[in-house]
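In this note's numbering, the protein residues as written are 16 to 560.
Just so you know, even glycine gets a beta-carbon here, dropped at the ideal spot from N, CA and C.
It should be emphasised that the depicted structure is a prediction, and the values quoted were computed from it without experimental measurement.
Taking it in order: structure first as structure tokens, then the write-up.
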């Protein structure tokens, strides 16, 4: 309705006024029957012979909260029921001399309870035979719910448009006839085409690689039928570059009929390349690798494990873990698999039986990221040689300990920071500590003669050739004693260790001191004697003094 102002030419039939102080309409013409029963609010203004409000329909109480009697009693009430910001629109609309050639006027009203409502107004002007305006009828209806719904819809549309416009993922909207309706900026950036270039374009699309057009066409038709879905596919950019996308699509329908198809996609090229690289690494890895289901059946194995266990891939894919497990029985293996599925991962050592019957020690690292998929990823390392070395080292450690403990000298092994790595009982006794206390000490706790900085330098410079020197140590009780030390450095398990053999030379030092004092006394007596004394060598008789 482009013009809601209706012009009617008639000879007005004015109702006679009753004894009441407001107009009444006792004639039951069709208009008044309709006016009394309609859900719309109707206002009748008389232009001639006397201007003013002459009728308000009873529905005014429902729509605006005021009764017709309140409107008759207050001529200004009709304008006060309009929101202040919209009164200028109402003034133009109410003027019977002005033509209103727009859609129905929608503005805000003020309900009697103070709430703001939305109302829609239409106007009809009555003319007499002389083309003079005699009456104006205004039909008002409450459109608050519709207006709120429209505002909510517009807000939703703006919100959705904003989401698509600013979404980090590529989005494309396709009409039921496969024509492109919209692509967002992320899609343009990813693919290289602009919205202007692709809008209206129908399948097959130029971003479908040529070798996949037939396959994609069939799949696209099926996707349009089935509704929502998800797939990983290859695509082609405007510059010809091929890449991978993870896309999902969903139809937008109204009354059960699809309006358009919304497709979201993200570039997963890096992930695909990483997966391919990972697969290549797994296949060529030195460690064995396999995947299996929760029943222990092999699903995939790499070349390294085939070589490790002596079976071919084809043979292993017909087997399960129980066929090669050499330590656990079937029930124990099933329990371990169940535990891994519950906890998500595990790391343990076991033994496997090769095809030739040989038993090998292995280390297993297993991950079950999603038990719902029923698949475990297992890395296998042959540790047979490592186990042999560990046993040998353990035996060697026992022999070394026996030798250390049998030594009459104190033996202490230091790490590269000067901390005790190992020591024997004799060394602990020399210092007056228990063996357990010594294991917590550093060389600085007992070295007395050399300062800390020089001691560190001596440790750093000790090599396989070793060193031999004398120093002094401090016992737990604070007393000092003389020691003779032989040292040499060696690498063990990737770390430098300093082996020190310590001998308490306190008594020897005392004897040497006593001998020197005796010699000095003899020398004084010898030189001061009045008699001639000659000392000769017994072998050749030569004079010594």
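Residue i and residue j closer than 8 Å at C-beta
i: residue 208; j: residue 251; result: no
i: residue 304; j: residue 381; result: no
i: residue 459; j: residue 433; result: yes
i: residue 431; j: residue 511; result: yes
i: residue 470; j: residue 462; result: yes
i: residue 77; j: residue 101; result: no
i: residue 47; j: residue 150; result: no
i: residue 517; j: residue 445; result: yes
i: residue 314; j: residue 306; result: yes
i: residue 82; j: residue 75; result: yes
i: residue 352; j: residue 309; result: yes
i: residue 488; j: residue 498; result: yes
i: residue 187; j: residue 45; result: no
i: residue 372; j: residue 336; result: no
i: residue 147; j: residue 63; result: yes
i: residue 246; j: residue 235; result: no
i: residue 92; j: residue 85; result: yes
i: residue 206; j: residue 253; result: yes
Buried or exposed (CB count within 10 angstroms, at least 16 for buried), residue i
i: residue 506; result: exposed
i: residue 345; result: exposed
i: residue 439; result: buried
i: residue 54; result: exposed
i: residue 137; result: buried
i: residue 269; result: exposed
i: residue 243; result: exposed
i: residue 257; result: exposed
i: residue 566; result: The requested residue 566 is not part of the displayed model; the chain covers only 16 to 560.
i: residue 267; result: exposed
i: residue 441; result: buried
i: residue 425; result: buried
i: residue 443; result: buried
i: residue 331; result: buried
Closest Cα partner of residue i within the set the options
i: residue 213; options: 194, 201, 224; result: 194
i: residue 157; options: 149, 126, 169, 140; result: 126
i: residue 97; options: 247, 70, 133, 487; result: 133
i: residue 131; options: 140, 95, 145; result: 95
i: residue 366; options: 353, 441, 396; result: 396
i: residue 361; options: 368, 371, 350, 369; result: 350
i: residue 225; options: 153, 255, 247, 524; result: 255
i: residue 341; options: 324, 202, 218, 167; result: 324
i: residue 405; options: 389, 376, 424; result: 376
i: residue 490; options: 464, 501, 472, 468; result: 464
i: residue 237; options: 264, 215, 249; result: 264
Proximal residues to residue i (C-beta, below 6 Å), its chain only, five neighbours per side dropped
i: residue 364; result: 378
i: residue 514; result: 428, 503
i: residue 584; result: Past the boundaries of the shown model lies residue 584; the chain is included only from 16 to 560, so the question cannot be answered.
i: residue 37; result: With a pLDDT of only 39 at residue 37, under 50, the local geometry of the prediction cannot be trusted, and no value is derived from it.
i: residue 162; result: 133
i: residue 68; result: 60
i: residue 231; result: 223
DSSP-derived helix/strand/coil call for residue i
i: residue 267; result: strand
i: residue 214; result: coil
i: residue 463; result: coil
i: residue 515; result: strand
i: residue 274; result: strand
i: residue 234; result: helix
i: residue 360; result: strand
i: residue 253; result: coil
i: residue 32; result: Low confidence applies to residue 32: its pLDDT is 38, below 50, so where it sits in the model is not reliable, and the reading given next is rough at best. Coil, per DSSP.
i: residue 52; result: helix
i: residue 445; result: helix
i: residue 227; result: helix
i: residue 126; result: coil
i: residue 149; result: strand
i: residue 96; result: coil
i: residue 41; result: Low confidence applies here, because residue 41 scores a pLDDT of 41, under 50, leaving its location unreliable; read the following figure in that light. Coil.
i: residue 342; result: coil
i: residue 121; result: strand
i: residue 492; result: coil
i: residue 527; result: helix
i: residue 62; result: coil
i: residue 334; result: coil
Proximal residues to residue i (C-beta, below 7 Å), its chain only, five neighbours per side dropped
i: residue 280; result: 184, 185, 260, 261, 262
i: residue 436; result: 428, 429, 430, 512
i: residue 190; result: 196, 275
i: residue 370; result: 324, 325, 326
Beta carbon proximity, residue i to chain C, threshold 8 Å
i: residue 374; result: No chain C appears in this structure, which consists of one protein chain only.
Own chain, CB closer than 8 Å to residue i, minus 5 neighbours either side, in chain order
i: residue 423; result: 441
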